[in-house]
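The numbering of the sequence shown is our numbering, which starts it at 1 and goes up by one. Ideal Cβ positions, reconstructed from N, Cα and C, are used throughout, including at glycine. Note sheet for the following structure.
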Amino acid sequence: MPRLDVGAPAPTFTLPASDGSPVSLATLIATAKTGVIVYFYPAASTPGCTTEACDFRDSLASLTSHGYAVVGVSPDEPAKLTAFVADQHLTFPLLSDPEHEVLEAYGAWGEKKNYGKTYVGVIRSTVVVDPDGKVALAQYNVKATGHVAKLRRDLGID
């Protein structure tokens with residue numbers, strides 16, 4: 001899938017959250033003064049994804065104080081996300097995209113290599129959408145550990 005370029009319109013979406021309620025990019029943009037951080041991760045409750053989600057959780061107050069909303073997207077079903085949110089005390093929405101429509105639209109679904117094997121799956125990625133609905137930052141193949149700290153630096157928060 002093609003990756004998003006800075007300045008391009010961000011694909012709109014509405015996906016179910018862990019509690020089953022629909023969450024749209026438009027609603028998130030309306031609640032965030034600076035932008036929306038949309039991060040894509042492979043699977044809830046796995047070690048890397050837990051590290052990344054907890055890093056976002058631990059940085060959420062700082063991110064929101066700088067005008068950002070945060071949302072995570074994975075192919076997990078809402079029930080799995082509900083358990084993940086509860087287990088890790090996450091305070092931002094996690095959205096379910098089992099058909100990969102949003103993942104594909106954002107370039108976060110595609111071919112990956114791991115230990116010499118090629119397969120198709122979630123490409124750990126983060127896209128920041130500005131208040132006008134345009135891509136302000138797009139990072140692909142990010143590392144689970146240390147990604148939020150790097151993102152904060154890239155956004156000028158640290």
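Q) Leaving out the 5 sequence neighbours to the left and right, which residues in its chain are closer than 8 Å to ILE157 when beta-carbon positions are compared? A) SER62, LEU63, HIS66
Q) Is it a yes or a no for the stretch 80-96 touching the stretch 115-132, going by three-plus beta-carbon pairs under 8 Å? A) no
Q) Name the DSSP bridge partner or partners of THR126? A) TYR39, GLN139
Q.
Quick check on GLY156: does DSSP put it in helix, strand or coil?
A. coil
(Q) Give the list of continuous beta strand (DSSP E) stretches no shorter than 3 residues that lie fully inside the stretch 59-123. (A) 68-74, 94-96, 109-114, 117-122
Q) Hey, how far is the Cα of PRO9 from the Cα of ASP130? A) 10 Å
Q) Where does the unbroken alpha helix (DSSP H) through THR27 begin, and where does it stop? A) 25-31
Q) With contact counted as at least three CB pairs below 8 Å, one residue from each stretch, are the stretch 71-82 and the stretch 30-45 in contact? A) yes
(Q) Can you find the residues in the same chain that come closer than 7 Å, C-beta to C-beta, to LEU28, ignoring five residues on each side of it along the sequence? (A) VAL36, ALA69, VAL71
Q) Roughly how many angstroms lie between the CA atoms of ASP58 and TYR119, to the nearest whole one? A) 32 Å
Q: Note down, in chain order, each residue of its chain lying with its Cβ closer than 7 Å to the Cβ of ALA136, except the 5 sequence neighbours on either side.
A: VAL6, GLY35, VAL128, VAL129, ASP130
Q. What's the C-alpha gap between LEU103 and ASP97?
A. 7 Å
Q: Pick out whichever of PRO22, GLY121, THR50 has its Cα sitting closest to the Cα of ALA86.
A: THR50
Q | Same chain, Cβ closer than 6 Å to ALA26, neighbours up to 5 away in sequence not counted | A | none
Q: Assign PRO47 to one of three DSSP states: helix, strand, or coil.
A: helix
Q) Relative to the alpha-carbon of TYR106, which residue among THR126, HIS89, GLU99, GLN88 has its alpha-carbon at the smallest distance? A) THR126
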